[in-house]
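Quick notes on the structure that follows.
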Amino acid sequence: MKRRFPNLSHYFTYFVGDRTTRQNILNNIKDGAWYSVMLGLTSSFTGVFAIALGASDEMLGWLSSLPALLSMLSQIPAARLTERSPSRLRVSLRYGLIFRSGYLLFAFIPFLPIAPIYRAWTFILLVSLMNFPGTVSGVAWSAMMGDIFPGSLRGRIFADRNMLLGIVQMAVTLVAGPLLDNIAYPYNYALIYLLSFGALMTSSWYQSKIVEQPASAELLSAAAGAGGGGGAVTSVVETAEETPPAQASGAVRVRQVLGDRPFVMYLVSLFIFYLGLNVSAAMWTILYVRVLGLSQSFIGFR
223 MKRRFPNLSH YFTYFVGDRT TRQNILNNIK DGAWYSVMLG LTSSFTGVFA
273 IALGASDEML GWLSSLPALL SMLSQIPAAR LTERSPSRLR VSLRYGLIFR
323 SGYLLFAFIP FLPIAPIYRA WTFILLVSLM NFPGTVSGVA WSAMMGDIFP
373 GSLRGRIFAD RNMLLGIVQM AVTLVAGPLL DNIAYPYNYA LIYLLSFGAL
423 MTSSWYQSKI VEQPASAELL SAAAGAGGGG GAVTSVVETA EETPPAQASG
473 AVRVRQVLGD RPFVMYLVSL FIFYLGLNVS AAMWTILYVR VLGLSQSFIG
523 FR
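Numbering (the numbering used here), first residue to last: 223 to 524.
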């Protein structure tokens, strides 16, 4: 008797009756899974690659801080660009393609006929500049997720998605470390970034298959039932009239945000949390590579 394996598609979508939304859930998971392949291949080794290119300790500090600064400065322009476009999917794909193309460029940086320190600076500047289109794409994607999935189902959808994506990223990272150790530099990193670019293009293809639509009446009804107790369903559709109009000035928007005390306190707590988390970010790579002399396989295990 044949052993029947569980149907993962059914597991991720059985609680949704609407066919289009079921397909959106699956395409969103596949999009994220391929993006996680890129994260598994590169996220643990970005600083190590910079050191291999010739980065100094100070330059590693710039690698940690400059992209974060560009990302922070991009948030409000990203929101404005998203609001002005009739299609959030189009914005996410367009700017996402610019961001993801950077991984193809990374593969060729070690072969540039320039001094190693300039290769390292080229990498740092590219990573930093990519954060603008990356932030725009991420903001548009987040807004689109609010449009197509109602609030009462969003927790279940993204809990399942994040669980699977974490498994994918961990598995790929465990493979990437030995791959980097067993292939000579710079061909190891060229291969890693070419594979990452391929994974990102596959991710974009699945993202392009998402159907952009407001949550349907059937889906909202299902969400109300899933929420239990007949509680109100919160969605972007229902709160649209509370959103500041796109024509509002920047000063008006800032006052509206600062007037929301719980949200301001949330931002302050996030700032303190990430300050403590990232103040020593560059030092970990220096410790692993220059002090402890860990292999890339061990760095992948951390």
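Quick reminder that beta carbons are idealized off the backbone N, C-alpha and C, glycines included.
Buried or exposed by the 16-neighbour rule on C-beta atoms within 10 Å, applied to Met366: Burial call: buried.
7 angstroms CB neighbourhood of Ala255 in its chain, flanking five on each side removed: Excluding sequence neighbours, Ala255 sits near Leu386, Leu387, Val390.
For Ser418, which option in Ser258, Thr243, Val238 has the closest C-alpha, if you only look at C-alpha atoms? When only C-alpha atoms are compared, the closest one is Ser258.
Classify Val433 as buried or exposed, calling it buried when 16 or more other Cβ atoms lie within 10 Å of its own Cβ. Counting Cβ neighbours within 10 Å, Val433 comes out exposed, since fewer than 16 surround it.
Pop quiz: Thr395 and Ser296 are said to be a contact at Cβ under 8 angstroms. What is the actual Cβ separation, rounded to whole angstroms? With a contact defined as Cβ atoms closer than 8 angstroms, Thr395 and Ser296 miss out at about 27 angstroms.
Alpha-carbon to alpha-carbon, Asp279 and Leu509: Going by the C-alpha atoms only, they are around 11 angstroms apart.
CB-CB under 6 angstroms to Asp242, same chain, minus the five flanking residues each way: which ones, in chain order? Residue identity differs from the one stated: residue 242 is Thr in this sequence, not Asp. Sequence-distant partners of Thr242 (beyond 5 residues in either direction) whose C-beta falls short of 6 angstroms from its own C-beta, in its chain, are Val433.
When you compare only the Cα positions, how much space is there between Leu261 and Ala301? Going by the C-alpha atoms only, they are around 25 angstroms apart.
Buried/exposed call for Asp482, threshold 16 Cβ in 10 Å: Exposed, by the Cβ-count rule.
Apply the 10 Å Cβ neighbour rule to Tyr317 and answer buried if 16 or more other Cβ atoms are within range, or exposed otherwise. With at least 16 other beta carbons inside 10 angstroms of its own, Tyr317 counts as buried.
Distance check for Ile298 and Leu263, CA to CA, integer angstroms please. Computed Cα separation, rounded: 30 angstroms.
Hey, is the region 407 to 417 in contact with the region 338 to 347, meaning 3+ C-beta pairs nearer than 8 angstroms? By the criterion of at least three beta-carbon pairs nearer than 8 angstroms, the region 407 to 417 is not in contact with the region 338 to 347.
Please identify the residue among Ile339, Phe380, Tyr488, Ala290 whose C-alpha is closest to the C-alpha of Val548. As shown, the chain starts at 223 and ends at 524. That puts residue 548 outside it, with no answer to give.
If Asp240 and Gln429 are in contact, beta carbons under 8 angstroms, what's the gap, nearest whole angstrom? With a Cβ gap of about 19 angstroms, Asp240 and Gln429 do not count as contacting.
I'd like to know if Leu417 contacts chain D, where contact means its C-beta is closer than 8 angstroms to some C-beta of that chain. Among the protein chains of the structure shown there is no chain D, as only one such chain exists.
Please list the terminal residues of the continuous alpha helix (DSSP H) segment that includes Pro355. Taken as a continuous stretch (DSSP letters only), the alpha helix (DSSP H) holding Pro355 covers 353 to 370.
Hey, Leu351 and Leu292: beta-carbon distance below 8 angstroms or not? Between Leu351 and Leu292, the C-beta spacing is below 8 angstroms.
Quick one: what does DSSP say Glu305 is sitting in, helix, strand or coil? If DSSP states are grouped into helix, strand and coil, Glu305 belongs with the helices.
Check whether the Cβ atoms of Pro332 and Leu275 sit closer than 8 angstroms, and answer yes or no. Going by C-beta atoms, Pro332 is nearer than 8 angstroms to Leu275.
According to DSSP, is Phe345 helix, strand or coil? The answer is helix: DSSP assigns Phe345 an H, G or I state.
Skipping 5 residues on each side, what residues in its chain have a beta carbon closer than 6 angstroms to that of Leu416? Excluding positions up to five away in sequence, the list reads Ala329.
Would you say Ile494 and Arg383 are within 8 angstroms of each other, going by their C-beta atoms? Pairing Ile494 with Arg383 gives a Cβ-Cβ distance that is not under 8 angstroms.
Here's a check: name, in chain order, each residue in its chain whose Cβ is nearer than 8 angstroms to the Cβ of Leu326, leaving out the five neighbours to either side. Contacts found: Tyr415, Leu416, Phe419.
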